[in-house]
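A.B. asks:
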Amino acid sequence: MKELYRAIADCNPNRTNMVATVLDGEAFGQKALFSDDILICETKESGYFSRYGEEVHKAVRDKDQCRKGMITIDGSRIFCDWLGQDIHLVICGAGHVSIPVIQIGLMMGCEVTVLEDRPQFADNARRAGASQVICQPFDQGLSQVEGSSNTYFIIVTRGHRYDQTCLELIAGKKHAYIGMIGSRLRVAKVKEAALMNGCEKAVIDQVYSPIGLNINAETPVEIGVSIMAEIIEVKNKKLRMSGYSKDILHRIMNPDEKTGRNVMATIVARKGSAPRDVGTKMLVTPEGRCMGTIGGGCMESEVMQKAIHMLHSDEEKAMLCHVDMTGAEAEEEGMVCGGVIDVLLEIV
Numbered sequence: 001m002k003e004l005y006r007a008i009a010d011c012n013p014n015r016t017n018m019v020a021t022v023l024d025g026e027a028f029g030q031k032a033l034f035s036d037d038i039l040i041c042e043t044k045e046s047g048y049f050s051r052y053g054e055e056v057h058k059a060v061r062d063k064d065q066c067r068k069g070m071i072t073i074d075g076s077r078i079f080c081d082w083l084g085q086d087i088h089l090v091i092c093g094a095g096h097v098s099i100p101v102i103q104i105g106l107m108m109g110c111e112v113t114v115l116e117d118r119p120q121f122a123d124n125a126r127r128a129g130a131s132q133v134i135c136q137p138f139d140q141g142l143s144q145v146e147g148s149s150n151t152y153f154i155i156v157t158r159g160h161r162y163d164q165t166c167l168e169l170i171a172g173k174k175h176a177y178i179g180m181i182g183s184r185l186r187v188a189k190v191k192e193a194a195l196m197n198g199c200e201k202a203v204i205d206q207v208y209s210p211i212g213l214n215i216n217a218e219t220p221v222e223i224g225v226s227i228m229a230e231i232i233e234v235k236n237k238k239l240r241m242s243g244y245s246k247d248i249l250h251r252i253m254n255p256d257e258k259t260g261r262n263v264m265a266t267i268v269a270r271k272g273s274a275p276r277d278v279g280t281k282m283l284v285t286p287e288g289r290c291m292g293t294i295g296g297g298c299m300e301s302e303v304m305q306k307a308i309h310m311l312h313s314d315e316e317k318a319m320l321c322h323v324d325m326t327g328a329e330a331e332e333e334g335m336v337c338g339g340v341i342d343v344l345l346e347i348v
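Mapping of the sequence shown onto full-length UniProt numbering: residues 1 to 348, in sequence order.
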């Protein structure tokens with residue numbers, strides 16, 4: 001099993017990665033990792049995905065079917081868990097607006113890289129907790145940022161000449177989002193210059209500017225909120241992906257010597273107004289601690305109790321937990337969100 005999780009941790013973020021899990025039948029709980037529709041590895045005791053390789057490959061290529069999270073092969077349901085990587089925020093400039101963007105990004109679990117050529121402002125970004133601060137001219141700093149389909153570039157420098165340098169270099173990198181602060185006139189001039197210097201029009205036309213959702217933001221904190229709200233909106237318009245956080249993968253691959261096993265809880269089906277989407281994960285330790293959340297409240301508590309019971313017994317290595325948050329009984333328990341979820345619990 002560790003081999004599978006190691007392969008998940010090493011996935012190329014610029015490829016389409018998916019973990020398939022059998023949810024019923026004799027192969028219940030067996031898993032495999034696909035990258036760009038190619039079988040990378042599967043759990044050793046399995047062989048299921050090798051036997052049904054052609055059928056699985058065909059179903060995986062049907063993105064409309066797979067994006068719903070479930071396919072059926074030979075009468076067995078298979079959960080398709082599309083893996084997103086951690087969001088990487090790259091902030092060009094470390095002025096007043098950057099600080100709340102850094103802080104909110106960290107609260108969201110993002111990796112945050114800040115580029116700033118002024119040592120004093122670079123220190124402010126470090127104090128705000130940025131994952132990495134590169135205190136060099138912007139062109140040199142950006143040469144150290146590769147970019148990926150999960151990289152969100154935020155251009156908030158102190159002047160349009162720096163904006164132009166950043167935009168022209170970023171436009172040639174793989175990205176999920178490019179946003180640039182400034183007045184409409186200033187932004188228009190920067191874009192025009194970028195086009196004259198050879199940037200692709202299709203990329204420049206997709207730059208979000210003025211940056212942020214229009215919430216009439218005025219203060220640096222309000223502007224930071226509007227920027228991050230826009231990034232959340234852009235992220236969630238894509239194929240919904242959850243994936244495994246770095247902390248969860250680290251815990252799985254480096255288990256505590258005293259406590260040993262953990263339980264992974266993954267939402268595999270959802271109806272109604274359940275608080276979290278399919279693919280959301282939570283790791284439960286034997287001490288009853290959690291990494292991540294599948295929605296909180298009484299629903300999460302019920303799942304945790306079943307997970308802890310699994311850890312203290314040898315009866316099951318995997319099980320499906322059905323939680324109904326509708327009806328009178330759920331209301332009495334305080335399950336105010338409503339909806340129904342199925343949660344896969346697995347010993348890891």
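Cβ coordinates follow ideal geometry from the N, Cα and C atoms, glycine included.
#1: Whose CA, out of Phe121, Ala217, Asp342, Ala94, lies closest to the CA of Asp277?
#2: From the DSSP output, which residues share a beta bridge with Gly292?
#3: How long is the line joining the alpha carbons of Val133 and Gly93, rounded to whole angstroms?
#4: Give a yes or no on whether the C-beta atoms belonging to residue 431 and Ile181 are separated by under 8 Å.
#5: Based on the DSSP secondary-structure assignment, which residues constitute the bridge partners of Asn17?
#6: Threshold first: 3 residues or longer. Then list the beta strand (DSSP E) segments lying entirely within the stretch 240–275, N to C.
#7: Under a three-way DSSP split, which group does Cys41 fall into?
#8: Pull up the CB-CB distance for Lys191 and Ile204, whole angstroms please, since I reckon it's below 8 Å.
#9: Since Gln132 is in the beta strand (DSSP E), which residue starts that stretch and which ends it?
#10: So, with DSSP's three-state summary, where would you put His322?
#11: For the putative contact between Pro220 and Ile99, defined by C-beta atoms under 8 Å, what is the C-beta separation to the nearest angstrom?
#12: In chain order, what residues of the same chain lie with their CB nearer than 7 Å to the CB of Asn124, ignoring the 5 residues before and after it?
#13: Please classify Ile215: is it buried, with 16 or more other beta-carbons within 10 angstroms of its beta-carbon, or exposed?
#14: Rounded to whole angstroms, what's the CA-CA distance from Thr21 to Phe79? Just pull it up for me.
#15: When the Cα atoms are used, what is the spatial distance from Met291 to Glu316?
#16: Taking the continuous beta strand (DSSP E) assigned at Ile181, which residues delimit it?
#17: What's the gap between the Cα of Val323 and the Cα of Val303?
#18: Please report the distance separating the alpha-carbon of residue 357 from that of Ser245.
#19: For Thr72, does the count of other Cβ atoms within 10 angstroms reach 16, so buried, or fall short, so exposed?
#20: State yes or no: is the C-beta of Arg261 within less than 8 Å of the C-beta of Leu320?
#21: Could you tell me whether the Cβ atoms of Ala176 and Asn150 are closer together than 8 Å?
#22: Does the distance from the CB of Val112 to the CB of Ile102 come in under 8 Å?
C.D. replies: Walking through what the data contain:
#1: Translated into positions along the sequence shown, residue 277 becomes position 277. Cα-wise, what sits closest to Asp277 is Asp342.
#2: The residue given as residue 292 occupies position 292 in the sequence shown. Met282.
#3: Position 133 of the sequence shown, counted from the start, is the residue given in the question as residue 133. Position 93 of the sequence shown, counted from the start, is the residue given in the question as residue 93. Straight-line Cα distance between these residues: approximately 10 Å.
#4: Residue coverage of the chain in this structure runs from 1 to 348, which leaves residue 431 outside it and unanswerable.
#5: Locating residue 17 in the sequence shown gives position 17, where the first residue counts as 1. In the DSSP output, where bridge partners are listed per residue, Asn17 has Ser35.
#6: 263–271
#7: Within the sequence shown, the letter at position 41 stands for residue 41. Strand.
#8: In the sequence shown, the residue the question calls residue 191 occupies position 191. In the sequence shown, the residue the question calls residue 204 occupies position 204. 5 Å between Cβ atoms; contact.
#9: Working through the sequence shown from its first residue, we reach residue 132 at position 132. That run of the beta strand (DSSP E) goes 132–134.
#10: As a first step, residue 322 is located in the sequence shown; it is residue number 322 there, counting from the start. Three-state result, His322: strand.
#11: As a working note, residue 220 is residue 220 in the sequence shown. As a working note, residue 99 is residue 99 in the sequence shown. The pair is a contact, with the Cβ atoms about 7 Å apart (cut-off 8 Å).
#12: Numbered from its first residue, the sequence shown carries residue 124 at position 124. Closer than 7 Å at Cβ, skipping near neighbours: Ala94, Ile99.
#13: Here residue 215 corresponds to residue number 215 of the sequence shown, with the count starting at 1. Ile215 comes out exposed.
#14: Within the sequence shown, residue 21 is the residue found at index 21, counting from 1. Within the sequence shown, residue 79 is the residue found at index 79, counting from 1. Computed Cα separation, rounded: 5 Å.
#15: As a first step, residue 291 must be located in the sequence shown, where it is residue number 291. As a first step, residue 316 must be located in the sequence shown, where it is residue number 316. When rounded, the distance between both Cα atoms is 22 Å.
#16: For the purposes of this step, residue 181 is identified with residue 181 of the sequence shown, where counting begins at 1. Where Ile181 is concerned, there is no enclosing beta strand (DSSP E), given that its DSSP letter is neither H nor E.
#17: Stepping through the sequence shown from its first residue, residue 323 is reached at position 323. Stepping through the sequence shown from its first residue, residue 303 is reached at position 303. Rounded to the nearest angstrom, the two C-alpha atoms are 8 Å apart.
#18: What the structure shows of the chain is the stretch from 1 to 348, and residue 357 is not part of that stretch, so it cannot be assessed.
#19: Locating residue 72 in the sequence shown gives position 72, counting from the first residue. Its Cβ having fewer than 16 others within 10 Å, Thr72 is exposed.
#20: Working through the sequence shown from its first residue, we reach residue 261 at position 261. Working through the sequence shown from its first residue, we reach residue 320 at position 320. Result no, Cβ atoms of Arg261 and Leu320 do not sit closer than 8 Å.
#21: Locating residue 176 in the sequence shown gives position 176, counting from the first residue. Locating residue 150 in the sequence shown gives position 150, counting from the first residue. Yes, the Cβ-Cβ distance between Ala176 and Asn150 is below 8 Å.
#22: Within the sequence shown, the letter at position 112 stands for residue 112. Within the sequence shown, the letter at position 102 stands for residue 102. Yes, Cβ-Cβ distance for Val112 and Ile102 is below 8 Å.
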